[in-house]
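> For the protein sequence lines, the chains are A and B, in the order given.
Start counting the first sequence at -5; every next residue gets the next number (the working numbering).
Start counting the second sequence at -5; every next residue gets the next number (the working numbering).
Where is the CB? At the ideal position from N, CA and C, for every residue including glycine.
There are 2 protein chains.
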Amino acid sequence: MLINKKGMLLVLSGPSGAGKGTLYSRLLQEDGDMHFSVSYTTRAPRPGEVDGKDYYFVTEEAFREMLDKDGFLEHAEVHGHFYGTPREPVIKQLEAGNSVMLDIDPQGALQVMASMPDCVSVFILPPSFAELRRRLEGRGTEKQEDVERRLRNARGEVALKDKYQYLVVNDKVDEAFSRLKTIVEAEKLRSTRYFPVVDEE
Amino acid sequence: MLINKKGMLLVLSGPSGAGKGTLYSRLLQEDGDMHFSVSYTTRAPRPGEVDGKDYYFVTEEAFREMLDKDGFLEHAEVHGHFYGTPREPVIKQLEAGNSVMLDIDPQGALQVMASMPDCVSVFILPPSFAELRRRLEGRGTEKQEDVERRLRNARGEVALKDKYQYLVVNDKVDEAFSRLKTIVEAEKLRSTRYFPVVDEE
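#1: Beta-carbon separation of Glu68(A) and Val106(A) under 8 Å?
#2: May I ask you to check if the CB of Gly74(A) is nearer than 7 Å to at least one heavy atom of the ligand FMN?
#3: Against chain A, with Cβ distances strictly below 8 Å, would Thr176(B) count as a contact?
#4: So, for Tyr77(B): in the same chain, excluding its five sequence neighbours on each side, which residues have a beta-carbon less than 6 Å away from its beta-carbon?
#5: Determine the contact status of Ser238(B) and Pro100(B), defining contact as a CB-CB distance below 8 Å.
#6: Start and end of the alpha helix (DSSP H) containing Ala90(A)?
#7: Would you give the residue range spanned by the beta strand (DSSP E) that Val72(B) belongs to?
#8: With a threshold of 8 Å between beta-carbons, can Phe123(A) be considered close to chain B, or not?
#9: Report the CB separation of Asp165(B) from Ser185(A) in whole angstroms; it is logged as a contact under 8 Å.
#10: What span of residues does the beta strand (DSSP E) with Ile(-3)(A) cover, start to end?
#11: Buried or exposed: where does Val167(B) fall if 16 or more other Cβ atoms within 10 Å of its Cβ makes it buried?
#12: Would you list, in sequence order, the uninterrupted alpha helix (DSSP H) runs of no fewer than 4 residues that lie entirely inside the region 86 to 173 of chain A?
#13: Are the region 168 to 177 of chain B and the region 133 to 145 of chain B in contact at 8 Å, needing three or more beta carbon pairs?
#14: Using a Cβ-Cβ cut-off of 8 Å (strictly less than) and excluding sequence neighbours within five positions of Gln159(A), which residues of its own chain qualify?
#15: Give me, in chain order, the residues of the same chain whose beta-carbon lies closer than 6 Å to that of Pro120(A); leave out the 5 immediate sequence neighbours on both sides.
#16: For Leu6(A), which of helix, strand or coil comes out of DSSP?
#17: Just to make sure I have the definition right: I need the residues of chain A whose C-beta is within less than 7 Å of the C-beta of Lys0(B). Which are they?
#18: Consider the Cβ of Tyr160(B): report whether some Cβ of chain A lies at a distance smaller than 8 Å.
#19: For Val178(B), which of helix, strand or coil comes out of DSSP?
#20: So the alpha helix (DSSP H) Gly15(A) belongs to, where does it begin and stop?
#21: Return the chain-ordered list of same chain residues with a C-beta closer than 6 Å to the C-beta of Ser10(A), the five sequence neighbours on each side being excluded.
#22: Taking C-alpha atoms, which residue in Gly46(B), Glu82(B), His73(B) and Pro111(B) lies nearest to Lys63(B)?
#23: Excluding the five sequence neighbours on either side, which residues of its own chain have a C-beta within less than 6 Å of the C-beta of Val5(B), listed in chain order?
#24: So, does the CB of Leu(-4)(B) fall closer than 8 Å to a CB anywhere in chain A?
#25: Got a sec: is the Cβ-Cβ distance from Leu183(A) to anything in chain B below 8 Å?
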């Protein structure tokens, strides 16, 4: 049986500390259909970072030019630097039948969902705000005021969870990953991106 | 964590011989959340059939009265008898947080999809028309002209496969069942019917 496929754009989001990064890395590793997208940024490369692999490092002028041409699926300014997900390479992957996954903060996720209504959007939830606090404090790298700010943001982001198609509670990471994988496998069977041809013979 | 749920209406359809009945029975058996719907019919009960269990056996007058009140999610006339899926018991199950599954021919499925846009629709495909013919002939109960009629219908039904949200090719029944189960488990995580509450503690 001949089966044609179209790629899926998977938007993985959730509050800082919910664990979307871990789920993202694991899915990228285990699912050969999934590809990542390299972001653009105007910040300087850190030691060891490779242009075109970790980020595309560009000037602010070049970034603004791309922005004017609607070249980003989403973008944000953080601490005076711009970051953005380029539109063209994602579209090209999808058209080639490959899937692309974005690990992205909720503000960016809402932009992508508006721009790409066929995307599959998954919001990762912490089991409780107390647990989220423990995870953020457990990183040991965050100042107390940053933890409090992230917790305030998390409340606002969780309040918007219904904007996403799917919700995954990350209580235990193995179970959360299995739920995410189930969503991805089901979405591969959608009639909008899965085209089996029933042969005569 | 408190999790509220809304039921799912699962519409399982496909051409005669694709194997939807087997998948339906197995999912009903394995998934405790899934409930079946008892249809109404105007035909007489066969020996051993129980009213309210196999069908609700009603007069044509009673059936037409329900039809006038929009009491069916779908209905059809077959060999001079009416058959219909009653609306009210399905809605009540869904509101109680239970899921309901319908094993239904493509004409009925399209009616349900129009009437209940939130339903999950899955179309079961045979791997080939040759295999479909083998299955229909293998039943041994069908006259050759019935087999030919079912095959003609199947071609028309397969041509409308994109009306369904999901496609499952039933090449091997265990694999087809696993795909169906994946779809059902993913759909349980939809933000429209799955409401986890992130607690403070």
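On the basis of the supplied data:
#1: yes
#2: Judged by which ligands are present, the structure shown has none, so any question about the ligand FMN falls away.
#3: yes
#4: Ser33, Thr35 and Ala70
#5: Outside the shown range of chain B, which is -5 to 195, sits residue 238(B), and nothing can be said about it.
#6: From DSSP, Ala90(A) is part of no alpha helix (DSSP H); its letter is neither H nor E.
#7: Phe66 to Val72
#8: yes
#9: Actually they do not touch by this definition, with Cβ atoms about 17 Å apart.
#10: Leu(-4) to Lys(-1)
#11: exposed
#12: 100 to 109, 123 to 132 and 138 to 153
#13: no
#14: Val114, Ser115 and Val116
#15: Ala12 and Leu126
#16: strand
#17: Those within 7 Å of Lys0(B) in chain A number zero; the least Cβ separation is about 13 Å.
#18: yes
#19: helix
#20: Lys14 to Glu24
#21: Arg144
#22: Glu82(B)
#23: Leu96, Ala103, Val106, Cys113 and Ser115
#24: no
#25: yes
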